[in-house]
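J.: Quick one: the structure is below, questions incoming.
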Amino acid sequence: MAAPADQRIAVPIDDPNADTEWNDILRKHGIIPEKPPSPTPLIEEAMLEARRIAHENRLEGKDLSDLDELEDDEDEAFLEQYRQKRLRELAALRERSAHGSVYPISKPEWAREVTEASQAGPVLVNLTSSQAGNVESRVLSALWRQAAREYADVKFCEMRADQAIEGYPEKNCPTILVYSKGDIVKQVVTLALVGGVRMSMLDLDKILVEVGAVKDNDMRVLKRRREAEDAEEEKPASGIRVSVKSGKAGRGKQDEDDDDWD
Numbered sequence: 001m002a003a004p005a006d007q008r009i010a011v012p013i014d015d016p017n018a019d020t021e022w023n024d025i026l027r028k029h030g031i032i033p034e035k036p037p038s039p040t041p042l043i044e045e046a047m048l049e050a051r052r053i054a055h056e057n058r059l060e061g062k063d064l065s066d067l068d069e070l071e072d073d074e075d076e077a078f079l080e081q082y083r084q085k086r087l088r089e090l091a092a093l094r095e096r097s098a099h100g101s102v103y104p105i106s107k108p109e110w111a112r113e114v115t116e117a118s119q120a121g122p123v124l125v126n127l128t129s130s131q132a133g134n135v136e137s138r139v140l141s142a143l144w145r146q147a148a149r150e151y152a153d154v155k156f157c158e159m160r161a162d163q164a165i166e167g168y169p170e171k172n173c174p175t176i177l178v179y180s181k182g183d184i185v186k187q188v189v190t191l192a193l194v195g196g197v198r199m200s201m202l203d204l205d206k207i208l209v210e211v212g213a214v215k216d217n218d219m220r221v222l223k224r225r226r227e228a229e230d231a232e233e234e235k236p237a238s239g240i241r242v243s244v245k246s247g248k249a250g251r252g253k254q255d256e257d258d259d260d261w262d
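If you read the sequence shown in the UniProt record's numbering, its first letter stands for residue 1, the second for the next number, and so on.
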């Protein structure tokens with residue numbers, strides 16, 4: 001006996017997501033699923049939210065003097081709100097600013113000034129070179145002094161490496177040790193990976209943020225980043241030389257010499 005023929009009717013569906021009367025009927029009877037929501041409104045909403053956040057954060061990294069200069073350009077109420085925020089941040093910093101200079105320490109003081117002190121917050125130690133010719137060590141010591149002044153709420157210590165650790169290799173100087181809660185949480189041996197002799201406060205800021213000594217949105221960090229970005233934008237385009245005689249751009253001496261043979 002032959003198998004009974006399939007009595008189901010094939011429903012023609014060109015595009016189940018198309019907005020047609022036929023598809024509406026099929027959705028109503030559960031033959032095809034409901035059309036998924038369009039992502040366009042979600043994308044537009046996300047873009048609007050991103051613009052709103054960018055607009056509200058446009059004053060991040062600006063200090064009180066910067067805010068004063070914007071009085072003619074910004075909404076007065078909004079500017080005053082940020083001014084009060086900066087004043088609260090400065091007041092909080094003053095309360096936490098128990099340091100302000102580099103602590104030169106000796107080996108007997110290490111446990112108290114570094115290990116125990118790190119229970120209250122990260123302590124950064126610069127193990128310096130004993131040789132005056134170590135340029136990296138001199139660079140870091142200068143940055144250490146600047147950072148200690150700017151980040152008076154963070155403790156910066158300094159000690160000669162060979163006095164802290166007997167036989168410590170000169171080739172490893174300078175070395176940065178960061179203590180927190182009594183333990184070493186970061187170690188940077190020489191400045192090779194943090195800019196070398198060109199290491200800057202921007203590089204040191206990254207270390208401070210990484211170990212939790214300062215927050216990534218700290219106004220001092222943001223201000224330095226903004227100033228660096230502004231300086232980069234103001235740099236003139238380089239690599240193009242213009243010959244006054246020929247008016248030709250991008251020509252080097254070799255090209256000019258070749259012209260003599262034309």
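Positions of the beta carbon are idealized from the N, C-alpha and C atoms, including for glycine.
1. Report the rounded CA-to-CA distance for Asn126 versus Glu116, giving the unit in angstroms.
2. Count the other C-beta atoms from every protein chain shown that fall within 10 angstroms of the C-beta of residue 265, then say buried if there are 16 or more, exposed otherwise.
3. Taking buried to mean at least 16 other C-beta atoms within 10 Å of its own C-beta, is Ser130 buried or exposed?
4. Determine the DSSP secondary structure at Ser180, reduced to helix, strand or coil.
5. Would Val154 and Pro122 qualify as a contact pair, given that the criterion is a beta-carbon distance under 8 Å?
6. Is DSSP giving Glu158 helix, strand or coil here?
7. How about Asp203 and Arg224: do their beta carbons lie closer than 8 Å?
8. Select from Trp22, Asn23, Glu150 and Glu45 the residue whose C-alpha is nearest the C-alpha of Val214.
9. Under a three-way DSSP split, which group does Thr175 fall into?
10. Nearest by alpha-carbon distance to Met159: which of Ala111, Thr128 and Ala18 is it?
11. With a threshold of 16 other CB atoms inside 10 Å of the CB of Val135, please say whether the residue is buried or exposed.
12. Assign Thr128 to one of three DSSP states: helix, strand, or coil.
13. Go to Leu140, then tell me how far its alpha helix (DSSP H) extends in each direction, as first and last residue.
14. Quick check on Asp262: does DSSP put it in helix, strand or coil?
15. Identify, in the order they occur along the chain, each residue of the same chain with its Cβ nearer than 6 Å to the Cβ of His99, setting aside the five sequence neighbours on each side.
16. Identify the residues that DSSP records as bridge partners of Val123: which are they?
17. Could you compute how far the alpha carbon of His29 sits from the alpha carbon of Asn23?
18. Per the DSSP calculation, Lys206 is bridged to which residue(s)?
19. Let me make sure I understand the geometry here. Which of Val197, Leu222, Ala228 and Glu210 has the alpha-carbon closest to that of Leu140?
20. If you run the structure through DSSP and keep just helix, strand and coil, what is Lys186?
21. Excluding five sequence neighbours on each side, which residues of the same chain lie with their C-beta closer than 6 Å to the C-beta of Asp72?
22. What does the alpha-carbon distance come out to for the pair Ile32 and Ala18?
23. Is Pro108 helix, strand or coil when you go by DSSP?
T.: Let's see:
1. Along the sequence shown, read from residue 1 onward, the residue named residue 126 stands at position 126. Along the sequence shown, read from residue 1 onward, the residue named residue 116 stands at position 116. Their backbone Cα atoms lie some 17 Å apart in a straight line.
2. This structure cannot settle anything about residue 265, because the visible part of the chain is limited to 1 through 262.
3. Translated into the one-based positions of the sequence shown, residue 130 becomes position 130. Flag for Ser130 reads exposed.
4. Here residue 180 refers to the residue found at position 180 of the sequence shown. Strand, per DSSP.
5. If you number the sequence shown from 1, residue 154 lands on position 154. If you number the sequence shown from 1, residue 122 lands on position 122. Between Val154 and Pro122, the C-beta spacing is below 8 Å.
6. Against the sequence shown, residue 158 aligns to sequence position 158. In this structure, Glu158 counts as strand in the three-state DSSP scheme.
7. Here residue 203 refers to the residue found at position 203 of the sequence shown. Here residue 224 refers to the residue found at position 224 of the sequence shown. When the beta-carbon positions are compared, Asp203 and Arg224 stay at least 8 Å from each other.
8. Walking along the sequence shown from the start, residue 214 turns up at place 214. Out of Trp22, Asn23, Glu150 and Glu45, Glu150 has the C-alpha closest to the C-alpha of Val214.
9. Reading the sequence shown from its first residue, position 175 is the one you call residue 175. Three-state DSSP puts Thr175 in a strand.
10. In the sequence shown, counting from the first residue as 1, residue 159 sits at position 159. For the residues Ala111, Thr128 and Ala18, the minimum Cα distance to Met159 belongs to Thr128.
11. The count along the sequence shown starts at 1 and reaches residue 135 at position 135. By the 10 Å Cβ count, Val135 comes out exposed.
12. The sequence position of residue 128 within the sequence shown is 128, counting from 1. In the structure shown, the three-state DSSP call for Thr128 is strand.
13. Here residue 140 refers to the residue found at position 140 of the sequence shown. Where Leu140 is concerned, the enclosing alpha helix (DSSP H) stretches over Val135 to Glu150.
14. One-based indexing of the sequence shown puts residue 262 at position 262. With a pLDDT of 43 at Asp262, under the threshold of 50, the modelled position of that residue is not reliable, and no figure is offered here.
15. For the purposes of this step, residue 99 is taken as residue 99 along the sequence shown, with counting starting at 1. When the five nearest sequence neighbours on each side are left out, the beta carbons in the same chain lying within less than 6 Å of the beta carbon of His99 are those of Ala152 and Lys155, in order along the chain.
16. Counting from one through the sequence shown, the residue named residue 123 turns up at place 123. According to DSSP, which records beta bridges pairwise, Val123 is partnered with Lys155 and Tyr179.
17. One-based indexing of the sequence shown puts residue 29 at position 29. One-based indexing of the sequence shown puts residue 23 at position 23. Answer to the nearest angstrom: the Cα atoms are 10 Å apart.
18. Translated into positions along the sequence shown, residue 206 becomes position 206. Its beta-bridge partners do not exist; DSSP assigns none.
19. Locating residue 140 in the sequence shown gives position 140, where the first residue counts as 1. Cα-wise, what sits closest to Leu140 is Val197.
20. As a first step, residue 186 must be located in the sequence shown, where it is residue number 186. In this structure, Lys186 counts as strand in the three-state DSSP scheme.
21. Mapped onto the sequence shown, residue 72 falls at position 72. At Asp72, the pLDDT of 49 sits below 50, so the modelled position is not reliable; the number obtained from the coordinates is stated separately. Nothing listed; no residue qualifies.
22. Mapped onto the sequence shown, residue 32 falls at position 32. Mapped onto the sequence shown, residue 18 falls at position 18. Rounded to the nearest angstrom, the two C-alpha atoms are 11 Å apart.
23. Mapped onto the sequence shown, residue 108 falls at position 108. Pro108: helix per DSSP, three-state reduction.
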